[in-house]
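Sequential numbering from 1 applies to the sequence shown in the UniProt record's numbering. Note that CB positions come from ideal geometry on N, CA and C, so glycine has one too. Heads up: the structure comes next, in structure tokens.
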Amino acid sequence: MIPWGTRENLREDEFYNRIAEIDNLKSLLQTTSNGNAPQILLTGLRGVGKTVFLKKIKKELDNDYLVVYINFSKAECYQKRNMSVMGLMEFFFKEFLIEAKNKNLNTLDKRIEKYFKVNDFKIKEFIQLDKFPIPVFGSETNVEKLMDFVLTLPEKIHESNSDKIKGVLIFIDEFQIIKELDDYKESFLWKLRSYIQNQNYVSYVFSGSMSMQDELISEIASQRGAFGGRMLTINISPFSKETVKSYLTQEVPNLKFSDEGFDRFFKCTSGIPAYVNIFATLLPKDIELDENLVKSEFEDKIEVINTHLIVMWDKLTLREQYIIISLIDGPLKRNEIAKTLNVTTGSISKPLVNLQHQELMILDNNLYYLSEPILKRWLELEYEKNGTYPFRLD
Ligand SMILES: Nc1ncnc2c1ncn2[C@@H]1O[C@H](COP(=O)(O)OP(=O)(O)OP(=O)(O)O)[C@@H](O)[C@H]1O
Ligand SMILES: [Mg+2]
Numbered sequence: 001m002i003p004w005g006t007r008e009n010l011r012e013d014e015f016y017n018r019i020a021e022i023d024n025l026k027s028l029l030q031t032t033s034n035g036n037a038p039q040i041l042l043t044g045l046r047g048v049g050k051t052v053f054l055k056k057i058k059k060e061l062d063n064d065y066l067v068v069y070i071n072f073s074k075a076e077c078y079q080k081r082n083m084s085v086m087g088l089m090e091f092f093f094k095e096f097l098i099e100a101k102n103k104n105l106n107t108l109d110k111r112i113e114k115y116f117k118v119n120d121f122k123i124k125e126f127i128q129l130d131k132f133p134i135p136v137f138g139s140e141t142n143v144e145k146l147m148d149f150v151l152t153l154p155e156k157i158h159e160s161n162s163d164k165i166k167g168v169l170i171f172i173d174e175f176q177i178i179k180e181l182d183d184y185k186e187s188f189l190w191k192l193r194s195y196i197q198n199q200n201y202v203s204y205v206f207s208g209s210m211s212m213q214d215e216l217i218s219e220i221a222s223q224r225g226a227f228g229g230r231m232l233t234i235n236i237s238p239f240s241k242e243t244v245k246s247y248l249t250q251e252v253p254n255l256k257f258s259d260e261g262f263d264r265f266f267k268c269t270s271g272i273p274a275y276v277n278i279f280a281t282l283l284p285k286d287i288e289l290d291e292n293l294v295k296s297e298f299e300d301k302i303e304v305i306n307t308h309l310i311v312m313w314d315k316l317t318l319r320e321q322y323i324i325i326s327l328i329d330g331p332l333k334r335n336e337i338a339k340t341l342n343v344t345t346g347s348i349s350k351p352l353v354n355l356q357h358q359e360l361m362i363l364d365n366n367l368y369y370l371s372e373p374i375l376k377r378w379l380e381l382e383y384e385k386n387g388t389y390p391f392r393l394d
């Protein structure tokens, strides 16, 4: 049995491979116990397994460390399309506190209460989460002070619990959404850096579906970046052809590929575990899967494999959709896209940025590329079937 491709927690026996990556990240993180907390950037394509990987590492280090997994995209301010530093900090605080309390650590409640009073934090209300009351800050609370408070808390919690934990590990998933903050570098990234660089027992792992070309990586990790070359990068790659082969042979032995059938399977999924798992689950078992059958099954099942991208497609504006379509036959420059759409280059600036933020498109050497082959294939098939693309109707 293999897990469905949207699962975020895999059982021990469902999690395949990644032995070197696990060793690597674990040994880096364990230097936190000597007061050498590293800062790490975990990169990899969408669906490659970053989230399940972080959750596995969390499980393995949970006994010795306070490990806090925070998925920024689950922050209310992001979900309600109302991104703010304040909203992110509030979310960070909430997730951090719940984890620390569930671990029965001393969370300095009295000191925090006093700090709120002295600094005039406006508490709107307390919400009950996981049995614990968590404050919700009023909009008058000073953002700088809130950031200062939230980002220095992990170190303080470590200090007052150093008999119980060797350090604090904070995993921030979907970190790329900070790009939706106005002026995210000035307002967030540089400040974040200034807090975490001096915290010897607090390690951060930033992760998100950022392709290697992405500007954010250089903003964060390069010599010139916010972390001045001190950040270590770990990349999670898709499974190789051999890995997919041994994975499926072991986990789904009743999938009977011919050689060409398997080649086609690998090509369709690009070795991305999310797609491998969904497609392998959907394929018929115990019959020979030759190239043609795999191809037609893929076209048949593409809507399921592609579900998350279809959801994203449906949320795009019509102009963004037109831009995607203009790139189906190959990469284009900005002015070429504008010409195809019969609009000015200025009017596509914002949609181009949006599409890049959503990682549906990559800019490399002045050329815009589609970054999701499965979305592209789905659009082509829709066109073949209906004679038109599935544009939004308004
Ligand atoms: N090591 C693994 N063994 C087995 N299945 C895996 C493994 N890694 C990933 N998968 C499969 O891939 C799916 C997607 O993984 P995950 O959500 O961690 O990807 P991601 O890189 O976080 O993607 P995104 O960028 O969209 O957040 C999982 O639900 C699981 O089915
Ligand atoms: Mg993820």
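Looking at C-alpha atoms only, which residue of the options is the closest neighbour of residue i?
i	options	result
Arg18	Glu242, Thr6, Glu180 and Ile236	Ile236
Leu282	Ile112, Thr317, Glu303 and Lys267	Glu303
Met86	Ile98, Phe72 and Glu99	Phe72
Ser296	Ile234, Phe265, Thr340 and Gln199	Phe265
Leu25	Lys101, Ile40, Phe116 and Ile337	Ile40
Arg81	Asn366, Lys315, Asn335 and Gly346	Lys315
Ala100	Lys164, Glu125 and Pro373	Lys164
Phe92	Lys114, Tyr383, Ile134 and Thr340	Ile134
Ser207	Pro284, Leu375, Met231 and Leu327	Met231
Leu355	Lys179, Arg377, Ala226 and Glu95	Lys179
Gly44	Gln176, Asp183, Asn102 and Asp329	Gln176
Asn366	Arg392, Pro331 and Leu393	Pro331
Val168	Lys376, Asp263, Ile305 and Val67	Val67
Lys333	Phe116, Leu352 and Arg319	Leu352
Leu189	Ser162, Glu174 and Phe227	Phe227
Leu108	Lys350, Ser160 and Pro238	Ser160
Residue i to residue j, Cα distance in whole Å?
i	j	result
Val150	Tyr195	10 angstroms
Leu28	Ile70	19 angstroms
Val118	Ile112	10 angstroms
Ala221	Ile234	11 angstroms
Leu172	Ile22	Leu is not the amino acid found at residue 172; the sequence shown has Ile there. Whole-angstrom Cα-Cα distance: 17 angstroms.
Pro38	Thr31	7 angstroms
Gly49	Asp120	43 angstroms
Asn386	Thr152	56 angstroms
Met1	Leu248	10 angstroms
Glu60	Ala20	15 angstroms
Met312	Gln321	10 angstroms
Leu88	Glu260	48 angstroms
Ser246	Leu289	17 angstroms
residue 425	Asn198	No statement about residue 425 is possible, as the shown extent of the chain runs from 1 to 394 and does not include it.
Phe298	Ile374	10 angstroms
Asp394	Leu309	20 angstroms
Ile217	Ile287	45 angstroms
Arg319	Ser33	51 angstroms
Glu219	Asp183	13 angstroms
For residue i, which residues from the same chain have a beta carbon less than 7 angstroms from its beta carbon, with the 5 sequence-adjacent residues on both sides left out?
i	result
Thr269	Tyr275, Val276 and Phe279
Glu359	Arg46, Ser209, Ser211 and Ser371
Asn335	Thr345
Lys122	Phe137, Gly138, Glu140 and Thr141
Gln128	none
Would you identify the three-state DSSP class for residue i, choosing helix, strand or coil?
i	result
Ile112	helix
residue 424	Any answer about residue 424 is impossible in this case: the structure gives the chain only from 1 up to 394.
Gln79	helix
Glu380	helix
Met212	For Met212, the predicted structure reports a pLDDT of 49, less than 50, and the residue's modelled location is therefore unreliable. A value from the coordinates is still provided. Three-state DSSP puts Met212 in coil, outside helix and strand.
Tyr204	strand
Phe391	coil
Asp385	Looking at the sequence itself, residue 385 is Lys, so the reference to Asp does not match. Looking at Lys385 - three-state DSSP - the assignment turns out to be helix.
Ile278	helix
Phe132	strand
Phe239	coil
Tyr69	strand
Glu288	strand
Asn119	coil
Gln250	helix
Leu332	strand
Val48	coil
Val343	coil
Ser162	coil
Val150	helix
Ile337	helix
So residue i packs on residue j, CB below 8 angstroms; how close in whole Å?
i	j	result
Val205	His158	Wrong, their Cβ atoms sit about 16 angstroms apart, outside the cutoff.
Leu327	Tyr369	7 angstroms
Asp130	Asn102	7 angstroms
Gly271	Val244	6 angstroms
Please list, in chain order, all residues of the same chain as residue i whose beta carbon is under 6 angstroms from its beta carbon, the five residues on each side excluded.
i	result
Ser84	Cys77
Tyr383	Tyr389
Using a Cβ-Cβ cut-off of 8 angstroms (strictly less than) and excluding sequence neighbours within five positions of residue i, which residues of its own chain qualify?
i	result
Lys55	Glu8, Asn9, Leu10 and Tyr69
Asn36	Asn200
Asn98	Before going further, note that residue 98 is Ile rather than Asn in the sequence given. If we look at Ile98 and ignore the five residues flanking it on each side, its Cβ neighbours are Leu129, Asp130, Phe132 and Ile134.
Tell me whether residue i counts as near ligand 3, meaning its Cβ is closer than 7 angstroms to at least one heavy atom of that ligand.
i	result
Ala274	Looking at this structure, you won't find ligand 3 anywhere; what it does contain is ligand 1 and ligand 2.
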